[in-house]
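Engineer: Below is a structure I'd like to ask you about.
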Amino acid sequence: MSADRHLRALELPVVEAARMLVGCTIAHGECSGVIVETEAYHDSEPACHAFIGLTPRTKTLFEAPGIAYVYRSYGIHALLNVVVEPEGVGAAVLIRALEPLTGLDTMRARRGLDRPTDLCSGPGKLTQALGIWLDLNETPLLGGPIRLGPPPPDRPEPAAVVGPRIGITRAVDLPWRFCVAGNRNVSRPWPPGLMAAALGQGQGTG
DNA sequence: CATGGGATTGACT
DNA sequence: GTCAATCCCATGC
Numbered sequence: 000m001s002a003d004r005h006l007r008a009l010e011l012p013v014v015e016a017a018r019m020l021v022g023c024t025i026a027h028g029e030c031s032g033v034i035v036e037t038e039a040y041h042d043s044e045p046a047c048h049a050f051i052g053l054t055p056r057t058k059t060l061f062e063a064p065g066i067a068y069v070y071r072s073y074g075i076h077a078l079l080n081v082v083v084e085p086e087g088v089g090a091a092v093l094i095r096a097l098e099p100l101t102g103l104d105t106m107r108a109r110r111g112l113d114r115p116t117d118l119c120s121g122p123g124k125l126t127q128a129l130g131i132w133l134d135l136n137e138t139p140l141l142g143g144p145i146r147l148g149p150p151p152p153d154r155p156e157p158a159a160v161v162g163p164r165i166g167i168t169r170a171v172d173l174p175w176r177f178c179v180a181g182n183r184n185v186s187r188p189w190p191p192g193l194m195a196a197a198l199g200q201g202q203g204t205g
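Structure, rendered in structure tokens:
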């Protein structure tokens, strides 16, 4: 049932893929985590890098699904995306936050922090915690150094909350961000109305 | 060839 | 809440 959730996600349109990837796992080396926040980007809308077309920078986005698009943000951070949709379409799911699962000590050392909710609670934070950098751009997510996997078997199906994307200036109205309801590892709290919906899922925020 | 902007974070007020 | 750090690449002259 959920054992192939990550595989099914790679076959879907990007917005559905973003929702489907919430709850799946990402691993690099000994470190891994459950995806708790994603955003969809598609070449049909101006917030996506691929909106401008095929360039050296956006080339990865137009390749076949199932590879990583890793790019530098604000000159400092590396951000990890899952490329989806058929070759020739520029679309990817930004991985915005993880709930740390394994390799916590390594994550703490890389991040220089202790609190688990600070380790992977942002797109730049999780790449630092997992040791993912720009050299892993275009590498496969199945059978490559970065491993995309199904949800941990002991977990209930996550309740995803939808909202607008973060940190962009164009196409800000598209509700293409997905979070696990009530999870404290998400990068930023969502609006009050959505928070109420999240609390309704029975996962108290403490 | 020079310039401007960005899918962010952490430190400081 | 505000702000600097830092660099690839698209754009324009």
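Here the first sequence is numbered in numbering that gives the first Met the number 0, starting from 0 and rising by one per residue.
For every residue, glycine included, the Cβ atom is placed at its ideal position computed from N, Cα and C.
Excluding the five sequence neighbours on either side, which residues of its own chain have a C-beta within less than 7 Å of the C-beta of N184, listed in chain order?
Structural biologist: Result list for N184: V35, A96, L97, E98, T116, C119, S120, in chain order.
Engineer: For the candidate residues F177, E156, R169, G130, whose alpha-carbon lies nearest to that of R146?
Structural biologist: The shortest C-alpha separation from R146 is found at G130.
Engineer: Would you tell me roughly how many angstroms separate the C-alpha atoms of G54 and V69, rounded to the nearest one?
Structural biologist: In the sequence as presented, Gly is not what sits at residue 54; that position holds Thr. Whole-angstrom Cα-Cα distance: 15 Å.
Engineer: Would you please state the rounded distance, in angstroms, between the beta carbons of A77 and R71? I believe it to be under 8 Å.
Structural biologist: Contact flag correct, Cβ pair sits at about 6 Å.
Engineer: Answer yes or no: do W175 and R164 have a C-beta to C-beta separation smaller than 8 Å?
Structural biologist: Yes; because the gap between Cβ atoms is below 8 Å, this pair is in contact.
Engineer: Helix, strand or coil for A96 per DSSP?
Structural biologist: Reduced to three states, the DSSP call for A96 is strand.
Engineer: Examine the Cβ distances between the segment 18–27 and the segment 41–48 and report whether three or more of them are shorter than 8 Å.
Structural biologist: The segment 18–27 is not in contact with the segment 41–48.
Engineer: Quickly, what does DSSP pair Y73 with across the bridge? List them, please.
Structural biologist: According to DSSP, Y73 bridges with nothing at all.
Engineer: Leaving out five residues on either side along the sequence, give the residues of the same chain with a beta carbon under 8 Å from the beta carbon of R110.
Structural biologist: For R110, where only same-chain residues beyond five positions count, the Cβ hits under 8 Å are D117, L118, K124, Q127, A128.
Engineer: Assign D113 to one of two classes, buried (16 or more other C-beta atoms within 10 Å of its C-beta) or exposed (fewer than that).
Structural biologist: Exposed: under 16 other Cβ atoms inside 10 Å.
Engineer: What are the partner residues of V31, as DSSP defines its beta bridges?
Structural biologist: Here the sequence assigns Ser to residue 31, which means Val is not the residue at that position. According to DSSP, S31 bridges with A26, T101.
Engineer: DSSP puts L147 in a beta bridge; with which residues?
Structural biologist: According to DSSP, which records beta bridges pairwise, L147 is partnered with I25.
Engineer: Hey, could you find the ends of the beta strand (DSSP E) V161 is sitting in?
Structural biologist: Unbroken beta strand (DSSP E) run through V161: 159–162.
Engineer: Using DSSP's beta-bridge definition, name the partner residues of C178.
Structural biologist: DSSP, once it has assigned bridges, lists E36, V160 as partnering C178.
Engineer: Considering just the uninterrupted stretch of the alpha helix (DSSP H) at G123, what are its terminal residues?
Structural biologist: It spans 122–129 - the alpha helix (DSSP H) in which G123 sits, taken as one unbroken run.
Engineer: With 16 other CB atoms within 10 Å as the buried threshold, where does T204 fall?
Structural biologist: Unreliable placement is indicated for T204, whose pLDDT of 34 sits below 50; the coordinate value is still reported in the next sentence. It is exposed - the Cβ of T204 has fewer than 16 other Cβ atoms within 10 Å.
Engineer: Is it right to say P150 is buried, meaning 16 or more other beta carbons lie within 10 angstroms of its own, or is it exposed?
Structural biologist: Buried, by the Cβ-count rule.
Engineer: So, L140 versus I66, is the Cβ gap smaller than 8 Å?
Structural biologist: Yes, the pair counts as a contact, with Cβ atoms nearer than the cut-off.
Engineer: If you draw a straight line from the alpha carbon of G179 to that of R4, how long is it in whole angstroms?
Structural biologist: Note that residue 179 is Val in the sequence shown, not Gly. Cα to Cα, V179 sits roughly 16 Å from R4.
Engineer: Excluding five sequence neighbours on each side, which residues of the same chain lie with their C-beta closer than 7 Å to the C-beta of A195?
Structural biologist: Its pLDDT being 46, under 50, A195 is placed unreliably by the model, and the measurement read from it follows with that caveat. Around A195: no qualifying Cβ.
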